[in-house]
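*Asks:* Protein chains in written order, with the working numbering: chain A, 9 to 122; chain B, 34 to 143.
Every residue, glycine too, gets a C-beta built ideally from N, C-alpha and C.
None of the values given here were measured: they were computed from a predicted structure.
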């Protein structure tokens, strides 16, 4: 079954404690991205990756890091989380940079930073 | 100005009626437009995409695009309670990124 998985699904943490949200896809997709979703603001792209070792900033990259060492995995790293990073996070993947009509989203990670 | 704006809603329609959702975009270079449906607590699901001016129909859904007016709409015909969700409009920015609107919440009354 084609899928994008994220872990953890829910996380409550404290300010400054480094955390990683994992994202994995089993479709051999080249393009992966991370979004955050906040009420009234819709989905905003944090980072994207067009292939292994190729990453670039989206609209709201501040306070986040990513890596793409393997095609299937695209972890999101918060080195020093702050309360304004409390949000719902989605990982997404698609075949390549043009195939938005085949974009698959993960189930989401709800992060609370206190 | 946000790159993609949607009518804020919420939109409440009776079962069987047409739900009409509107979206405008600011980047004239945008080529592709997408409508996602998102049920509460779930991830977005692509339901329609459109590239060309005019209408595109898929079952009870019709997407309409007017590039001259920078306007995209989604019509849901014969609305069902299962259509109750938030609908997100998105436009590509020609640099391989999607810009999303804030979403319109639709409630279909039985």
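Assign residue 113 of chain B to one of two classes, buried (16 or more other C-beta atoms within 10 Å of its C-beta) or exposed (fewer than that).
*Replies:* It is exposed - the Cβ of residue 113 of chain B has fewer than 16 other Cβ atoms within 10 Å.
*Asks:* Between the region 51-72 of chain A and chain B, which residues of the former have a C-beta closer than 8 Å to a C-beta of the latter?
*Replies:* From the region 51-72 of chain A, only 51, 52, 53, 56, 58, 66 and 67 have a Cβ closer than 8 Å to chain B.
*Asks:* To be precise: take each residue of the region 96-109 of chain A, compare its Cβ to all Cβ atoms of chain B, and keep it if any distance is under 7 Å. Which residues remain?
*Replies:* Here the close residues are 98, 105, 108 and 109.
*Asks:* Please list, in chain order, the residues of the region 124-141 of chain B that have any C-beta partner in chain A closer than 9 Å.
*Replies:* Those would be 125, 129, 130, 131, 132, 133, 134, 135 and 136, in chain order.
*Asks:* For residue 116 of chain A, does the count of other Cβ atoms within 10 angstroms reach 16, so buried, or fall short, so exposed?
*Replies:* Result: buried.
*Asks:* For residue 70 of chain B, count neighbouring C-beta atoms within 10 Å of its own C-beta (all shown protein chains included) and say buried if the count is 16 or more, exposed if not.
*Replies:* Buried.
*Asks:* Under the three-state reduction of DSSP, which class applies to residue 115 of chain A: helix, strand or coil?
*Replies:* It is coil, neither helix nor strand.
*Asks:* I'd like to know whether the C-beta atoms of residue 29 of chain A and residue 97 of chain A end up nearer to each other than 8 Å.
*Replies:* Yes, they are a contact pair.
*Asks:* By how many angstroms is the C-alpha of residue 73 of chain B removed from the C-alpha of residue 18 of chain A?
*Replies:* Whole-angstrom Cα-Cα distance: 16 Å.
*Asks:* Residue 65 of chain B versus chain A: which residues are under 7 Å apart at the beta carbon?
*Replies:* Neighbours of residue 65 of chain B on chain A, chain order: 108.
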